[in-house]
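Colleague: In this text, residue positions in the sequence shown follow the numbering used here: the first is 2, and each later residue adds one.
Heads up, the beta-carbon is just placed ideally off N, CA and C, and yes, glycines get one too.
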Amino acid sequence: MSRDFTGKRVTVLGLGVFSGGAASARYFAARGADVTVTDLLPEEALRKSVDALACWPVRYVLGEHREEDISGADLVVVGPGVRDDSPFLQLARERGVPLTTETNLVFENCRRPIIGITGSNGKTTTTQLIGAMYQAVDRETLVGGNIGRAVLNELADCGGGAGSGGAADGSPVILELSSFQLHRLAWARRSPGLAVVTNLSPNHLDWHGTFEAYEQAKQHIVRFQSPEDRVVLNADDERLRGWASLSRGKLAWFSMKDPVETGCYLRDGQVVFRDSSGECDATGERGSSDERDLVGESGLPGERAVCSVDALRLPGSHNVANLLTAVTAACLGGIPASVIRSAVEAFRGVEHRLEEVAVINGVGYYNDSACTTPASTVTALRAFDAPVVLIAGGYDKGTAFDEMASELVRRARAAVLIGATADAIERAIRKDGATPAPVVARADTLDEAVRQSARLARSGDVVVLSPGCASYDMFINFEERGQRFKEAVAALK
């Protein structure tokens, strides 16, 4: 990444509270550019990102955007939160100012193989689990993207693009990719060499407008693949089955229900990998030979048991689906079964995703703050056999709460509602009409919601923060919300 930008005027439009905006600013500042960083949020709300750039010569325009910072730029790096209808994007187009994103810069500069993971739910856990498997045989593997770690400045080898359509070598780069990032990946006409899609359900409709537009953005993860690339899809997701014709890459599947031609499925409590084509090297070049990988435990040609489902110590059937997804990606990459088993056994999940916080007076407390969709809350409710006291609500992303309310009525003892969507969620619960209905309570703060939940829960129950909504009405991001929940639970002791 040695391209010289000396004297070039680069504007980062949307610094954000994650790492992408700061990484872009650092990237161009290190290469001699005159960098301006602008965001509608004030400096205090962006403190983490501003502090990350303390050593770099950048100019800040915070709390506003200015036309001169766009029209006078030689390049504008667009943050994922900037909407397509932003007048500043329109201004850049009218003035002929080139546009890019941090994700696009990674794809355009990286010569290492890229594994991209997306989906409406489960993509972070799946990304981290895939990363653990690959890092076990290659310490230089990078894991980042939408999980809050930008890899742009960590990539050592640059030049032509990897992803789709270019020669790739070296250790892989594993990226979680959001719909926002994928939406603008079309500008670069790139897709990962190995694309993984966990599932698809309505999300971010406040940004994309319709489910169809959201799905089209997600489809960019496969749309620009080459015939040598690979894609892993969820065979149990009817919508994703329709993606088979979108990619020129070779298809693999995973399923919780039925055997698949190439990919992973469940049999007798085992994750079984099947390769009907015979193209996947069971041992691969990344690890030492493992006879069980070659012979298999099923005795069927092209099929082998990789690991037990019980090896994964995370609750819920959705995490079994995440396991199937990750094992499929690892097997396609030639990771030995012994390495996969060890990685699964050692994996303890991801913070803010059904994270066990404490057990107090016989009640378990779980932090699922990263749950920002009603579908994710449904998944969380189904993860427990015990009665649930659910804390839900937050910023309104334009999705319906009917399915979430129905699942809540069937599985929850009580719901404590917070934030801007509290009214809408309660209406959906009342509309369901089932009896007996769960107790519905309101709280003005998350701390109060935790205290109310503790009073409502009985020994053997679980209290779960699984909001089903974004956090922006009350918190900077879901991490702050999850941390506040853990502090409130600790205060109960």
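Here's a check: name, in chain order, each residue in its chain whose Cβ is nearer than 6 Å to the Cβ of Thr329, leaving out the five neighbours to either side.
Modeller: Within the same chain, Thr329 has close Cβ partners Val233, Ala253, Phe255, Gly264 and Cys265.
Colleague: What residue from Ser192, Asp207 and Arg443 has the CA that sits closest to Ser248's CA?
Modeller: Looking at the Cα atoms, Ser192 is the closest of the given residues.
Colleague: Contact defined as beta carbons within less than 8 Å: I believe Asn154 pairs with Thr374. What is the distance between those atoms, to the nearest angstrom?
Modeller: Not confirmed; about 31 Å, so no contact.
Colleague: If I'm right that Thr378 touches Ser467 with Cβ under 8 Å, what's the distance once you round it to whole angstroms?
Modeller: So it is a contact: roughly 5 Å between Cβ atoms.
Colleague: Buried or exposed, going by whether 16 or more other CB atoms sit within 10 Å of the CB of Val440?
Modeller: Flag for Val440 reads exposed.
Colleague: Can you tell which of Leu176, Pro316, Arg428 and Gly270 has its C-alpha closest to the C-alpha of Val307?
Modeller: Comparing Cα positions, the closest option is Gly270.
Colleague: If we ignore side chains and look at the alpha-carbon of each, how far apart do Val390 and Ala423 end up?
Modeller: C-alpha separation (whole angstroms): 15 Å.
Colleague: From Ala421 to Glu427, what distance separates their C-alpha atoms?
Modeller: Each residue's Cα considered, the two are about 12 Å apart.
Colleague: Count the other CB atoms within 10 Å of the CB of Lys487; is the residue buried (16 or more) or exposed (fewer)?
Modeller: Buried, since its Cβ has 16 or more Cβ neighbours within 10 Å.
Colleague: Count the other CB atoms within 10 Å of the CB of Gly365; is the residue buried (16 or more) or exposed (fewer)?
Modeller: So Gly365 counts as buried.
Colleague: So, do the segment 117 to 124 and the segment 93 to 102 have three or more beta carbon pairs nearer to each other than 8 Å?
Modeller: The answer is no - the segment 93 to 102 does not touch the segment 117 to 124, with fewer than three Cβ pairs under 8 Å.
Colleague: So the candidates are Ser277, Val198, Asn235 and Val107; which of them puts its Cα closest to the Cα of Arg190?
Modeller: Per the Cα distances, Val107.
Colleague: Given a cut-off of 8 Å, decide if Ser20 and Gly149 are closer than it, judged by their beta-carbon atoms.
Modeller: Their beta carbons are under 8 Å apart, which means Gly149 touches Ser20 by this criterion.
Colleague: Per DSSP, which one or two residues make a beta bridge with Arg443?
Modeller: Beta-bridge pairing links Arg443 to Leu418.
Colleague: Since Glu408 contacts Leu382 with CB under 8 Å, what's their CB separation in whole angstroms?
Modeller: The pair is a contact, with the Cβ atoms about 5 Å apart (cut-off 8 Å).
Colleague: With DSSP as the reference, please indicate the residues paired to Leu76 in a beta bridge.
Modeller: In the DSSP output, where bridge partners are listed per residue, Leu76 has Val11.
Colleague: Distance, Cα to Cα, Leu176 vs Ala24?
Modeller: Roughly 15 Å between the two C-alpha positions.
Colleague: Contact check, Leu206 vs Lys432 under 8 Å by CB: the rounded distance?
Modeller: Not quite, the Cβ-Cβ distance comes to about 20 Å (not below 8 Å), so this is no contact.
Colleague: Taking DSSP as the reference, what is the three-state secondary structure of Ala393?
Modeller: Note: Ala393 maps to strand in three-state DSSP.
Colleague: Would Val197 be called buried (16 or more neighbouring beta carbons within 10 Å of its own) or exposed?
Modeller: Classification of Val197: buried, given that the 10 Å Cβ count is 16 or more.
Colleague: What is the C-beta distance between Val451 and Leu493, in whole angstroms, given that I count them as a contact (C-beta under 8 Å)?
Modeller: Going by Cβ atoms, the distance from Val451 to Leu493 rounds to 7 Å, so yes, they are a contact pair.
Colleague: When you compare the segment 73 to 88 with the segment 52 to 64, are there three or more beta-carbon pairs, one atom per stretch, that lie closer than 8 Å?
Modeller: With a cut-off of 8 Å, the segment 52 to 64 and the segment 73 to 88 do not count as touching, because too few Cβ pairs lie within range.
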